[in-house]
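Each residue of the sequence shown is one higher than the one before, starting from 801 at the first, in my numbering.
Data first, discussion second: the structure below is written as structure tokens.
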Amino acid sequence: MGLIVGMAMAIAAAPVAAEQEKVQLGMRLEPGQTFRFRMLNEQRVERSLPRRKMTTQQSIGWGWTMKVLGVDEKGNAEVKITYHWVRVTQKSEMGSYVYDSDRHDPDKPVIPEVTGFVGMLGESFIVTFDPAGRALAVRSHEEMVEEVLDRADVPDGETRDEQAERLKTKINEAQVKNTLSLIAAIYPNQPVGVGDHWKRKSTSHMGFTKIIDSTYSVTGRKAGMMTVAVDSAISTPEDVDPMQDAAARETVEMKGMQKGSMQINESTGMLMDMRMTQSSAGIHTIRMAEMPEPIVLPMQFTATVRFALEDVILAEMKAASEAARTQPAR
């Protein structure tokens, strides 16, 4: 009888125990913590011209160090972010180039296409994150614009002013907040465990403005790490302002999907590893003052995003390089 009663009590308590095992994810950092990450974003863009297709393959990689300067009584963390690595590649009909700050000979000049990226090396800004992973404030980004221009040896005058304005569209408080929140502000509102799901909708301004409507599903937990599958729908908002410069106004209408997985440290809430694939298709429209009709280009976009601790990325890059060397020539 005692055995039966004990089994019944265990069965009744099982749902409570399972509930207690769930974790409330959130950013819980401590002063002095330091993380070194790298991220690689590889893209392929195909535009359909009247008689042919134009394909551009490009990639950008960033390495940055995150140092926690302090945490207030509300759990808001002040974090210094410093860029220490950049890799930029492009291959198209217009030519190709590869720049990797780890391998670049400092005695050789930097090609103009990557001077802005190279100027970011060693630069820092300070971000305040709340426990939900939202970037509340950004400091020192304005000084960073001037430092980038100085490193690129851009002289004072009209050209420097133009480049400064162009950089400020990419390095400003709103853009930095948006980019960081896409990585950090992903937590659910409630504790979660294996089998649980939650949704988040965000807007990304990288490349072209797009809405990312994501479903996150917990697929595993091991050694303090939570594995989460990500399934997203990607679309462009109807009311987005066109991209505009002195020569043209451009709009992009796209729809697509994103799939992948990530690993989150349950203790700190830090995203430690991520793999994503993206694919979308749509229309790129270019309007120029001297042309009565717009140029309409059907386009397809695919991308892979890899994010992890620096040692992990370096090992993967080394393995890929060795595999490429051992492949037989075609």
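Glycine included, each C-beta is placed from N, C-alpha and C at the ideal position.
Collapsed DSSP secondary structure at Thr979 in the structure displayed = Residue numbering aside, residue 979 sits at position 179 when the sequence shown is read from its first letter. Three-state DSSP puts Thr979 in a helix.
Quick one: grab the DSSP three-state call for Val816.
-> Along the sequence shown, read from residue 1 onward, the residue named residue 816 stands at position 16. For Val816, the predicted structure reports a pLDDT of 42, less than 50, and the residue's modelled location is therefore unreliable. A value from the coordinates is still provided. The DSSP-derived three-state label of Val816 is helix.
Simplified DSSP state of Gly916, which is helix, strand or coil = Along the sequence shown, read from residue 1 onward, the residue named residue 916 stands at position 116. Three-state result, Gly916: helix.
Compute the beta-carbon to beta-carbon distance between Arg939 and Ile926, rounded to the nearest angstrom, for a pair I have assumed lies under 8 Å.
-> Locating residue 939 in the sequence shown gives position 139, where the first residue counts as 1. Locating residue 926 in the sequence shown gives position 126, where the first residue counts as 1. Contact between Arg939 and Ile926 holds: their C-beta atoms lie close to 4 Å from each other, under 8 Å.
State yes or no: is the C-beta of Ser924 within less than 9 Å of the C-beta of Tyr987?
-> The count along the sequence shown starts at 1 and reaches residue 924 at position 124. The count along the sequence shown starts at 1 and reaches residue 987 at position 187. No.
The beta strand (DSSP E) spanning Ser1014 covers which residue range?
-> Position 214 of the sequence shown, counted from the first residue, corresponds to residue 1014. Lys1010 to Lys1022 is the extent of the beta strand (DSSP E) around Ser1014.
Compare the Cα-Cα distances from Lys880 to each of Val888, Val886, Ile1011 and Gly870 and report the closest residue.
-> Translated into the one-based positions of the sequence shown, residue 880 becomes position 80. Check the Cα spacing between Lys880 and each of Val888, Val886, Ile1011 and Gly870: the tightest is with Gly870.
Beta-carbon gap between Leu825 and Gly1060 smaller than 9 Å = As a working mapping, residue 825 is identified with position 25 in the sequence shown. As a working mapping, residue 1060 is identified with position 260 in the sequence shown. For Leu825 and Gly1060, no; Cβs fall outside 9 Å.
Top-ranked residue by Cα proximity to Ser859, from Ser1080, Glu1050 and Tyr897 | Residue mapping note: residue 859 aligns to position 59 of the sequence shown, counting from 1. Measuring from the Cα of Ser859, the nearest candidate turns out to be Tyr897.
Best match in Glu1050, Phe1101 and Val994 for proximity to Ala1029 [C-alpha to C-alpha] | On the sequence shown, position 229 is the one that residue 1029 refers to. The residue with the shortest Cα to Cα distance from Ala1029 is Val994.
Does the separation of the CB atoms of Thr1027 and Leu840 fall below 9 Å?
-> Counting from one through the sequence shown, the residue named residue 1027 turns up at place 227. Counting from one through the sequence shown, the residue named residue 840 turns up at place 40. No, the pair does not count as a contact, with Cβ atoms beyond the cut-off.
Alpha helix (DSSP H) containing Asp1041: first to last residue?
-> Residue mapping note: residue 1041 aligns to position 241 of the sequence shown, counting from 1. Per DSSP, Asp1041 is not a residue of any alpha helix (DSSP H), being assigned neither H nor E.
What's the C-alpha gap between Asp907 and Leu1109?
-> Along the sequence shown, read from residue 1 onward, the residue named residue 907 stands at position 107. Along the sequence shown, read from residue 1 onward, the residue named residue 1109 stands at position 309. One C-alpha to the other measures close to 30 Å.
Is DSSP giving Ile1113 helix, strand or coil here?
-> Reading the sequence shown from its first residue, position 313 is the one you call residue 1113. If DSSP states are grouped into helix, strand and coil, Ile1113 belongs with the helices.
Val948 by DSSP, collapsed to three states: which one?
-> Walking along the sequence shown from the start, residue 948 turns up at place 148. DSSP places Val948 within a helical segment (H, G or I) once states are collapsed to three.
Which residues in the same chain have their Cβ closer than 6 Å to the Cβ of Glu1066, if we skip the five residues on either side of it in sequence?
-> Mapped onto the sequence shown, residue 1066 falls at position 266. So the qualifying residues of the chain are Val823, Gly1024 and Met1026.
Tell me where the beta strand (DSSP E) around Tyr987 begins and ends.
-> Residue 987 sits at position 187 when you count from the first residue of the sequence shown. Note, Tyr987: premise wrong, no beta strand (DSSP E); not H, not E.
Glu821 in three-state terms, based on DSSP | Position 21 of the sequence shown, counting from 1, holds the residue named residue 821. Under the three-state reduction of DSSP output, Glu821 falls in the coil class, being neither helix nor strand.
Looking at C-beta atoms only, is the number of pairs between the stretch 830-840 and the stretch 1092-1101 that lie closer than 8 Å three or more?
-> Segments in contact, no.
Roughly how many angstroms lie between the CA atoms of Leu982 and Ser1004, to the nearest whole one?
-> Here residue 982 is taken as the residue at index 182 of the sequence shown, counted from 1. Here residue 1004 is taken as the residue at index 204 of the sequence shown, counted from 1. For Leu982 and Ser1004, the distance between alpha carbons rounds to 7 Å.
Coarse secondary structure for Ser901, derived from DSSP in three states = What you label residue 901 is simply residue 101 of the sequence shown in a count that begins at 1. For Ser901, the secondary structure class from DSSP, reduced to helix, strand or coil, is coil.
Can you name the start and end residues of the beta strand (DSSP E) that Gln860 belongs to?
-> Position 60 of the sequence shown, counting from 1, holds the residue named residue 860. In the sequence as displayed, the identity of residue 860 is Ile instead of Gln. Judged by DSSP secondary structure, Ile860 falls within the beta strand (DSSP E) whose first and last residues are Lys853 to Val871.
Who are the near neighbours of Lys1010 in its chain, counting only those whose CB is closer than 6 Å to its CB and skipping five residues on each side?
-> Looking up residue 1010 in the sequence shown gives position 210. Cβ neighbours of Lys1010 beyond the five flanking positions: Ser1004, Ile1034 and Thr1036.
Cβ atoms of Val976 and Phe1008: under 9 Å apart, would you say?
-> On the sequence shown, residue 1008 is found 208 positions in, with the first residue counted as 1. On the sequence shown, residue 976 is found 176 positions in, with the first residue counted as 1. Not in contact: Phe1008 and Val976 (Cβ atoms no closer than 9 Å).
If I'm right that Leu936 touches Asn989 with Cβ under 8 Å, what's the distance once you round it to whole angstroms?
-> The count along the sequence shown starts at 1 and reaches residue 936 at position 136. The count along the sequence shown starts at 1 and reaches residue 989 at position 189. Actually they do not touch by this definition, with Cβ atoms about 18 Å apart.
Can you say whether Ala984 is buried or exposed, counting buried as having 16 or more other CB atoms within 10 angstroms of its CB?
-> Position 184 of the sequence shown, counted from the first residue, corresponds to residue 984. Counting the other CB atoms within 10 Å of its CB gives Ala984 a total of 16 or more, which places it among the buried residues.
Do you know how far the Cα of Met1076 is from the Cα of Asp1111?
-> By 1-based counting over the sequence shown, the position of residue 1111 is 311. By 1-based counting over the sequence shown, the position of residue 1076 is 276. So the two alpha carbons sit approximately 19 Å from each other.
Neighbour-count burial assignment, Gln1127, 16 or more Cβ in a 10 Å radius = For the purposes of this step, residue 1127 is identified with residue 327 of the sequence shown, where counting begins at 1. So Gln1127 counts as exposed.
Out of curiosity, what's the CA-to-CA distance linking Ser1080 and Met854?
-> Here residue 1080 refers to the residue found at position 280 of the sequence shown. Here residue 854 refers to the residue found at position 54 of the sequence shown. Counting only the Cα atoms, Met854 lies some 16 Å from Ser1080.
Using beta-carbon positions only, say whether Phe1101 and Gly1082 come within less than 9 Å of one another.
-> Indexing the sequence shown from 1 puts residue 1101 at position 301. Indexing the sequence shown from 1 puts residue 1082 at position 282. Yes, the Cβ-Cβ distance between Phe1101 and Gly1082 is below 9 Å.
Could you give the C-beta distance for His1084 and Glu1050, rounded to a whole number, given that I count them as a contact under 8 Å?
-> As a working mapping, residue 1084 is identified with position 284 in the sequence shown. As a working mapping, residue 1050 is identified with position 250 in the sequence shown. Between the beta-carbon of His1084 and that of Glu1050 there is about 7 Å, and that keeps the pair under the 8 Å contact cut.
Own chain, CB closer than 6 Å to Val888, minus 5 neighbours either side, in chain order | In the sequence shown, residue 888 corresponds to position 88, counting from 1. Same-chain partners within the cutoff: Ile860, Tyr899, Val914 and Phe917.
Near Pro831, which residues of its chain fall below 8 Å by C-beta distance, leaving aside the five closest residues on each side in sequence?
-> Residue numbering aside, residue 831 sits at position 31 when the sequence shown is read from its first letter. Scanning its chain for C-beta atoms nearer than 8 Å, with the 5 sequence neighbours on each side dropped, one finds around Pro831 the residues Val868, Leu869, Gly870 and Val871, in chain order.
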